[in-house]
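Engineer: First to last, the sequence lines map onto chains A and B. Read left to right, the first sequence gives residues 1 to 728 (the UniProt record's numbering). Read left to right, the second sequence gives residues 1 to 728 (the UniProt record's numbering). After the structure tokens below, expect a handful of questions from me.
2 protein chains.
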Amino acid sequence: MRSYPATVSSLIHHCTFSVLRRTLSLRSPATVTTPMANGSTTATEDSLRRALADKQSTIDARGSAIRQLKSSGASKSEIDEAVKALNNLKLEKTSIENQLKASISGDSGTSRDAFRQAVVNTLERRLFYIPSFKIYRGVAGLYDYGPPGCAVKSNVLAFWRQHFVLEEDMLEVDCPCVTPEVVLKASGHVDKFTDLMVKDEKTGNCYRADHLLKDYCKDKLENDLAMSADKAAELKHVLAVLDDLSGEQLGAKIKEYGIVAPDTKNPLSDPYPFNLMFQTQIGPSGASTGYMRPETAQGIFVNFKDLYYYNGNKLPFAAAQIGQAFRNEISPRQGLLRVREFTLAEIEHFVDPDDKSHPKYSEVKDLKFLMFPRDEQMSGQSAKVLCLGEAVSKGIVNNQTLAYFIGRVYLFLTRLGIDEKRLRFRQHLPNEMAHYAADCWDAEIESSYGWIECVGIADRSAYDLRAHTDKSNVALVAQEKFAAPKEVEKLVITPSKKELGLAFKGSQKMVAEALEAMDEKEAMDMKAALETKGEVQFEVCTLEKTVAIKKNMVSISKEIKKEHQRTFTPSVIEPSFGIGRIIYCLYEHSFYMRPSKAGDEQLNVFRFPPLVAPIKCTVFPLVQNQQYEEVAKQISRSLTAAGISNKKDITGTSIGKRYARTDELGVPFAVTVDSTSSVTIRERDSKDQIRVNVDEVAAVIKDVSEGRCKWNDILQKYPAHTSASADE
Amino acid sequence: MRSYPATVSSLIHHCTFSVLRRTLSLRSPATVTTPMANGSTTATEDSLRRALADKQSTIDARGSAIRQLKSSGASKSEIDEAVKALNNLKLEKTSIENQLKASISGDSGTSRDAFRQAVVNTLERRLFYIPSFKIYRGVAGLYDYGPPGCAVKSNVLAFWRQHFVLEEDMLEVDCPCVTPEVVLKASGHVDKFTDLMVKDEKTGNCYRADHLLKDYCKDKLENDLAMSADKAAELKHVLAVLDDLSGEQLGAKIKEYGIVAPDTKNPLSDPYPFNLMFQTQIGPSGASTGYMRPETAQGIFVNFKDLYYYNGNKLPFAAAQIGQAFRNEISPRQGLLRVREFTLAEIEHFVDPDDKSHPKYSEVKDLKFLMFPRDEQMSGQSAKVLCLGEAVSKGIVNNQTLAYFIGRVYLFLTRLGIDEKRLRFRQHLPNEMAHYAADCWDAEIESSYGWIECVGIADRSAYDLRAHTDKSNVALVAQEKFAAPKEVEKLVITPSKKELGLAFKGSQKMVAEALEAMDEKEAMDMKAALETKGEVQFEVCTLEKTVAIKKNMVSISKEIKKEHQRTFTPSVIEPSFGIGRIIYCLYEHSFYMRPSKAGDEQLNVFRFPPLVAPIKCTVFPLVQNQQYEEVAKQISRSLTAAGISNKKDITGTSIGKRYARTDELGVPFAVTVDSTSSVTIRERDSKDQIRVNVDEVAAVIKDVSEGRCKWNDILQKYPAHTSASADE
């Protein structure tokens, strides 16, 4: 006998770990998919491990044969021959070991690290980002965006607002980060938003239990070449199921493998849950606990009623929020990818659960891109290019609205400059999803760290609104008014106050409520039983006992009623964007190196599209000369007035060096003032140069920066600059 | 004998309370200037109180005279006559009481409250803002911005970026809110960022001590009409000096006046300081205390070195940051004006202390607006219109750079729509400023709450960079390279290690350091004394004793040295914007009511300039009709593609109601589709209507929304719409 709210709270208790870390950085191995999840390299590695083990046993056998030869007094030539053969075997073994090493780390392993180092060095040197509070030796997991990084972020967010909020008519809200406990109690974060932690038993240093186990397995697999193929398979299995291990299972593995604290080699505690929210006190009394929000979504859910009203009490509609979120990670790693404070952009699209069609679905249904459905993952295949519309019609993607957002996210990311060949949409496996979720897809972007979850797109059904309805006693529901009233068969349960009062006295009310809360099947069963037996046993949860219900105590019937509207809890489809992760992946996808003109050094370039570029244009006089500087200033002023970010460079450095500097910031256009009437505009990647009149420059740069025309159009409209000036 | 770092830390200890609440909401009475600070209403009130007291004593005297008449057996007519005269006196007294009441509350008092209520009702009903977490009964001092409020905020911030960051070439940064303790220890916030609090001794409820005293005084002054003019003057004096009272003084006044807890009438504790920062723990160990930043400025200061390098090691330059800040107010009041989490936009302009000129000063020096210099405040005058350039040349404003920012802030606020007649720049009084600050001006905007500090513009000298240099041991300094080396007379102090060692053994090092730390005057005095007397007494702080220094222990001389550069700590000029306060004042300045066409109701309008308006344009078909709806959709799509926020209204409501709805959101333009070829565009405030072809609509609205042309230009270009359609 459970009333409706009790059902909701049981949902919370059943929900899995991953669901509560719902928006991003759900779980580390899921976010950085390991190669073997694709079932690619495993075969070779296995056979090499077996070959190595075979070779080793041959070597061992030959070794003991030689010892026998020696002890049996065999001839020197005979022994020499045997030793020579053994040495050849050893050489073969070394060769297999090298192949195995290469197979494990992947040929690309070292080049990937080197590439990352080149990108990160450039980013930090040019202040795209830097560790926060550096002069005080910093804080792990906190980063500052310097001027170019801040401009990139601001451009990405402006485009997000245009692409989602404006084009989809979303209701944007802006809620505080400080959140009272009750809200996060309702959402489940207070109880379940945890990672498993172990402590160094002597120093008290803390580690994530899964990280330690993961590091141990990876290290063994990479460096212990003599390990048997079976043992290797076991460690790989541990890596594959790492997310699903309970605290006890993690603890048992840590004990079994003898894993100790990495810094001190001290023994470790058993794993225990650590809540990842930053806790604080609201107000001076110390009686009101609050947390820094771990996601922005709850601010939208608690406002559902007002937003629904603002939207004219009509569904579907979407609300959106951009803001800071906070997670007190146990030991942050991977630079900008796992941080303690980050910017989220979240959309909650509220829809009738009985109608998840989308009016603009036809605009995305013909899009084709890399998708990685559940079945392909389970059967060890890899992601493949699918047509979105077909994925919906085949039932791979649950509904049109979910598909619409997948399509819009694809367009958003690729327009920012994410390489579509390194972008895939991966469906959650059943064990990654809460039982109430209808479907869930992550936009994953491949970087030097592997495939990174950057956007989660989930159909979360009615879970969140129900949780807050339950906790707040404010009904977060929608109504559909029928065009004509509908006749509906309704269950009517009418307890008799008089009879219940006589039988149960003070407990009357609770018995009556329990009777009224019965669902249809329970009620009809009771009706049948009362009619045949006249009395039934009935469990009243709130009394914690079973009572006898007699026929005269309750009337149960089905009646035909006219209904003018239906009331329901909307489903929510939630695209949630980790802005910092998208930006980091964009940096990697935009970075390349090319030789300088003299060929004596490699120069760094970010190929940001103008939309994203932190500065749209640099302006420099070809030589230090007051007239040219005046023209440069005038152009810069007209660009600024047009809202185009630009930078003057009036240093006396060579024009080649100045181009290199501006390329390294990803500035798409450079204006070189080499006369007072017309100037040269150079495009970053092609290095094409055209001549444009001084008074047209701002308009040309504005058009091409804001996407109203392409560089190629401009290239055809204006004369090329082909002078022999020593410009690069 | 103090070494350099000791000097810096002594600066921190001397700095006043107000300086640490540096950016905004420094102190409540300062932010809401009380009328009497201008010395305006006081005179009338005083004379009325005196007249009332006179009248009362006349009444008392007459009363006892009548009693004497009665007891002395006077005639009935004589007594009746005296009673009649007494009743007249009582009527006169009531009249004076009413005058006094009116004088205290001000005639405008009630209309101000009514106006505020009308604005706030509209704002909350249309979801400009709402109390956060309303379904859980909210949290004091936390507010959500709903869709229109969020759009206004986003427009204000975009304009701020254009007006300051882009036009002034500032370096924008984005730092985390979570801040380690060491940073805020260095800035002084950990020790001094406090308000004085008292507790209900029985329930533990907390109150701001100054608020209770203020409320008591105001209540007495308003309601105790019989209070003597002297007593009234005393209470007014308390209100005037409230900010300067120490905890003990506040406590003494609370005791003297018998002030108790307002809710329970229980006795109160003595006042004690409560730190206003939200505290938390960073990481899982519990060993690393952090705070939610109370301002964004510190993130810029700690990055000074990198930013200076990014700027090519050149001064001046400015860094800027927009972000959330947090203050755990004891008992927030005044709606959006005093909140626990808010958006700050801060600029730190770093400049050579020896040269505070500004290259663009000439662009602002002719601006004229309301200024309220220190002298005018102290002598009881009011703010007056001054020319900014004259204020600088007369020494009223300390320097050009400070004046430049005052001028830019004036332009920023008035372009947003702040009424320049209700905007003044108030200079800080000496007791409001730290001793190290060179000058400080607040942009104050008049609202129904009084004059509100919305932007603080302070020349903070080298204080902040020195504080972090001291704490971090990283020199946050700049260099000026001389064109030619300069000859400088330098003091050279050379302690003799040998002689000091013989005399002071283990204390040798500390004595030597103390000698080296002498300033020029001390050193030259010592040199003279040693030459005449051969020995001097010298206090060594670090040893806490005085030692005897002999002539052979130290050599002191002045030498001429060549210097190629000078190293110095830059001064910082800081304009700091409370975005939420500016927006709230903007709401009040933009709000008005006008009668509906039928004259039967008052309609609300926000006269936002297009720059600020949350939605630039509404589009509606004149009648419900598929053709018109198609045209409306097409126009809406073209507006969206042009980045112009717009809203369709296809409800069947009357066109007048739809105009009223859109006026109440401050939408400047409404497009009514009344044909399929051309449509009507209506301007909100003038209600002017013009006819524009369907395919030109988006371009016209975009031009006028983005300020490329004015409505009046458009009005002349297109035919007026004067049809008799019942549109309003």
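Every residue, glycine too, gets a C-beta built ideally from N, C-alpha and C.
Which parts of the segment 76-139 of chain A are runs of the alpha helix (DSSP H), unbroken and 4 residues or longer, counting only runs that do not cross its ends?
Structural biologist: 76-105 and 107-125
Engineer: For leucine 315 (chain B), does the three-state DSSP call read helix, strand or coil?
Structural biologist: Leucine 315 (chain B) falls in the coil class under three-state DSSP.
Engineer: Taking Cβ positions, are isoleucine 714 (chain A) and threonine 662 (chain A) nearer each other than 9 Å?
Structural biologist: No.
Engineer: Hey, is proline 271 (chain A)'s beta-carbon within less than 9 Å of any beta-carbon in chain B?
Structural biologist: no
Engineer: Are alanine 613 (chain B) and valine 260 (chain B) closer than 9 Å when you measure CB to CB?
Structural biologist: No.
Engineer: Using a 10 Å radius around the Cβ and a threshold of 16 neighbouring Cβ atoms, would you call histidine 211 (chain A) buried or exposed?
Structural biologist: buried
Engineer: Count the other C-beta atoms from every protein chain shown that fall within 10 angstroms of the C-beta of histidine 13 (chain A), then say buried if there are 16 or more, exposed otherwise.
Structural biologist: A caution first: histidine 13 (chain A) carries a pLDDT of 26, below 50, which makes its placement in the model unreliable, though a value can still be read off. By the C-beta density criterion, histidine 13 (chain A) is exposed, having fewer than 16 other C-beta atoms within 10 angstroms.
Engineer: Helix or strand or just coil, what does DSSP make of methionine 526 (chain B)?
Structural biologist: helix
Engineer: Cα separation between isoleucine 396 (chain B) and leucine 242 (chain B)?
Structural biologist: Rounded to whole angstroms, isoleucine 396 (chain B) to leucine 242 (chain B) spans 27 Å at the Cα level.
Engineer: Name, in chain order, the residues that DSSP records as bridge partners for histidine 349 (chain A).
Structural biologist: A:Ala318 and A:Ile573
Engineer: Residues of chain B with CB under 7 Å from lysine 481 (chain A), in chain order?
Structural biologist: Within chain B, not a single residue places a beta-carbon under 7 Å from that of lysine 481 (chain A); the smallest gap is close to 14 Å.
Engineer: Should serine 132 (chain A) and glycine 299 (chain B) be called a contact, given that it needs their Cβ atoms to be closer than 9 Å?
Structural biologist: yes
Engineer: Let me know the secondary structure DSSP gives alanine 233 (chain B) once reduced to three states.
Structural biologist: helix
Engineer: What are the boundary residues of the alpha helix (DSSP H) that glutamine 716 (chain B) is part of?
Structural biologist: 711-717
Engineer: My assumption, with CB atoms under 8 Å, is that proline 485 (chain B) sits in contact with lysine 562 (chain B). Please give the rounded CB distance.
Structural biologist: 5 Å
Engineer: For valine 488 (chain B), is the classification buried or exposed, using 16 other Cβ atoms within 10 angstroms of its Cβ as the cut-off for buried?
Structural biologist: exposed
Engineer: In terms of alpha-carbon separation, which member of B:Ser95, B:Ile635 and B:Lys394 lies closest to glycine 643 (chain B)?
Structural biologist: Shortest Cα-Cα distance from glycine 643 (chain B) to any of B:Ser95, B:Ile635 and B:Lys394 involves B:Ile635.
Engineer: Enumerated in chain order, which unbroken segments of the alpha helix (DSSP H) with a length of 4 residues or greater are wholly contained in the segment 555-633 of chain A?
Structural biologist: 579-590
Engineer: Leaving out five residues before and five after glutamate 499 (chain A) in sequence, what residues of the same chain have Cβ atoms less than 6 Å from its Cβ?
Structural biologist: Asn552 and Met553
Engineer: For glutamate 202 (chain A), count neighbouring C-beta atoms within 10 Å of its own C-beta (all shown protein chains included) and say buried if the count is 16 or more, exposed if not.
Structural biologist: It should be noted that the sequence gives lysine, not glutamate, for residue 202 (chain A). Counting Cβ neighbours within 10 Å, lysine 202 (chain A) comes out exposed, since fewer than 16 surround it.
Engineer: Using a Cβ-Cβ cutoff of less than 6 Å, which residues in the same chain neighbour lysine 710 (chain A) once the five nearest sequence positions on both sides are dropped?
Structural biologist: none
Engineer: Run through the segment 48-80 of chain B for me and flag every whole alpha helix (DSSP H) of 4 or more residues, listed as ranges in chain order.
Structural biologist: Runs found: none.
Engineer: What does lysine 153 (chain A) reach in chain B if we use C-beta pairs closer than 9 Å?
Structural biologist: Asp174
Engineer: Mind pulling the chain B residues with CB within less than 8 Å of isoleucine 347 (chain A)?
Structural biologist: Contacts between isoleucine 347 (chain A) and chain B, judged by CB atoms closer than 8 Å, are missing: the closest CB pair is about 14 Å apart.
Engineer: For serine 9 (chain B), which three-state DSSP category applies?
Structural biologist: Low local confidence applies: a pLDDT of 28 at serine 9 (chain B) is under 50, so the model's placement there is unreliable, and no value is given.
Engineer: What whole-angstrom Cβ distance do glycine 580 (chain B) and phenylalanine 342 (chain B) have, given they're in contact under 8 Å?
Structural biologist: 5 Å
Engineer: Measure the C-alpha to C-alpha separation of valine 464 (chain B) and glutamine 324 (chain A) and round it to an integer number of angstroms.
Structural biologist: Looking at the sequence itself, residue 464 (chain B) is aspartate, so the reference to valine does not match. Roughly 26 Å separates the two Cα atoms.
Engineer: From tryptophan 67 (chain A) to glutamine 99 (chain A), what distance separates their C-alpha atoms?
Structural biologist: Residue 67 (chain A) is actually arginine in this sequence, not tryptophan. Distance between the alpha carbons of arginine 67 (chain A) and glutamine 99 (chain A) is about 30 Å.
Engineer: Would you kindly report the start and end of the unbroken beta strand (DSSP E) that includes leucine 423 (chain B)?
Structural biologist: 423-427
Engineer: Quick one: using the 10 Å Cβ neighbour count with 16 as the cut-off for buried, is glycine 64 (chain A) buried or exposed?
Structural biologist: Per the sequence presented here, residue 64 (chain A) reads as serine, with glycine not at that position. That one is exposed.
Engineer: Scan the segment 411-430 of chain B for residues whose Cβ lies nearer than 8 Å to a Cβ of chain A and list them as they occur along the chain.
Structural biologist: none
Engineer: Reducing DSSP to helix, strand and coil, say where alanine 458 (chain A) ends up.
Structural biologist: strand
Engineer: From B:Glu329, B:Glu295, B:Glu256 and B:Arg426, pick the residue whose C-alpha is nearest to that of glycine 141 (chain B); which is it?
Structural biologist: B:Glu329
Engineer: How big is the Cα-Cα spacing for isoleucine 96 (chain B) and leucine 250 (chain B)?
Structural biologist: Cα atoms of isoleucine 96 (chain B) and leucine 250 (chain B): separation of roughly 33 Å, rounded to the nearest angstrom.
Engineer: Decide if the segment 643-662 of chain B is in contact with the segment 624-633 of chain B; the criterion is three or more beta carbon pairs, one per stretch, under 8 Å apart.
Structural biologist: With a cut-off of 8 Å on Cβ pairs, the segment 643-662 of chain B is in contact with the segment 624-633 of chain B, counting three or more such pairs.
Engineer: With DSSP as the reference, identify every bridge partner of proline 180 (chain A), one or two as the case may be.
Structural biologist: A:Gly290
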